[in-house]
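In our numbering, the protein residues as written are 1 to 249.
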Ligand code: 13P
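Next comes the structure, spelled out in structure tokens:
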């Protein structure tokens with residue numbers, strides 16, 4: 001059964017006091033049964049947020065992690081450390097990480113492996129730039145990102161992953177992919193997975209859409225047959241908007 005998921009990626013926003021205030025408002029809101037809501041704050045908030053979430057069904061995610069268990073990697077955080085503070089999901093391969101931190105699908109495949117090995121679930125991001133779409137390269141780009149980042153996994157491991165399609169041109173721009181554009185790519189990702197792993201795996205993996213998801217467009221996007229929820233940036237920084245999106249299925 002595909003999980004319905006709305007994940008709020010806070011990116012590098014909100015200090016601890018601001019973050020706690022937002023989290024308390026989200027906890028106070030009513031999120032429908034059947035939606036897995038995930039809050040993904042900066043690393044430094046994770047430990048105290050886990051305690052605040054202990055009596056709720058809201059899950060906690062991190063925005064990145066390192067592929068090694070431990071060692072001389074100044075400034076990095078391991079999957080085991082995330083696990084130890086109650087994190088369940090880790091975003092990997094966000095386009096901002098790919099663009100500003102030179103991450104590529106092959107190096108991300110090591111992070112994916114480590115996250116799964118530690119019992120966490122990757123939210124693996126893919127998506128094309130505007131130039132790539134204009135050149136008609138988007139299907140090939142996305143297929144390569146999915147294949148190079150995930151296809152070293154076995155079936156059970158892949159079923160632990162969530163995929164997020166985030167067209168770079170729709171992130172933070174207010175420009176959303178139309179439901180038809182998003183559905184086309186989601187169906188393509190599912191078909192790519194089916195070709196490698198078979199229909200059972202492809203049908204059971206959740207594929208989220210990200211890129212200017214707002215309360216006024218979430219329902220139409222989430223109604224598409226291959227869209228299982230959203231990875232939300234800006235609108236996740238407002239409790240009412242985030243809750244409204246969570247309840248848009
Ligand atoms: P926006 O919702 O602000 O466009 O951000 C999307 C995103 O990058 C989520 O990871």
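Even for Gly, the Cβ is constructed at its ideal location relative to N, Cα and C.
Predicted, not measured: the structure shown is a model, and the values here were computed from it.
Any heavy atom of the ligand 13P closer than 7 Å to the CB of residue 241?
no
Spatial neighbours of residue 130 within its chain, please: C-beta separation below 6 Å, excluding the five flanking residues on both sides.
169
For the ligand 13P, any of its heavy atoms closer than 7 Å to the Cβ of residue 186?
Not so, every heavy atom of the ligand 13P lies at least 7 Å from the Cβ.
With a 10 Å radius around its C-beta and 16 neighbouring C-beta atoms as the bar for buried, classify residue 116 as buried or exposed.
buried
Between residue 9 and the ligand 13P, is there a pair consisting of the residue's CB and a ligand heavy atom that are separated by less than 7 Å?
yes
Compute every distance between the C-beta of residue 37 and the non-hydrogen atoms of the ligand 13P, then say whether any falls below 7 Å.
no
Using the DSSP secondary-structure output, state which residues sit across from residue 78 in a beta bridge.
66
Quick one: what does DSSP say residue 122 is sitting in, helix, strand or coil?
strand
Quick check: residue 221 and residue 213, are their CB atoms within less than 8 Å of each other?
yes
Which first and last residues belong to the alpha helix (DSSP H) in which residue 234 is found?
Neither: residue 234 is in no alpha helix (DSSP H) and is coded neither H nor E.
In three-state DSSP terms, what is residue 239?
helix
Environment of residue 99 [buried if 16+ CB atoms lie within 10 Å]:
Residue 99 should be labelled exposed.
For residue 53, which beta-bridge partners are listed by DSSP?
In the DSSP output, where bridge partners are listed per residue, residue 53 has none listed.
Alpha-carbon to alpha-carbon, residue 74 and residue 5
33 Å
What does a CB cutoff of less than 8 Å around residue 121 pick up in its chain, not counting 5 residues either side in sequence?
Within the same chain, residue 121 has close Cβ partners 88, 89, 90, 115, 160, 161 and 162.
Selection from 202, 216 and 234 that minimises the alpha carbon distance to residue 146
202
Counterpart residues of residue 35 in DSSP-defined beta bridges:
4
For the beta strand (DSSP E) containing residue 207, name the first residue and the last one.
207-210
Taking all protein chains shown into account, decide if residue 36 is buried (16 or more other Cβ within 10 angstroms of its Cβ) or exposed.
buried
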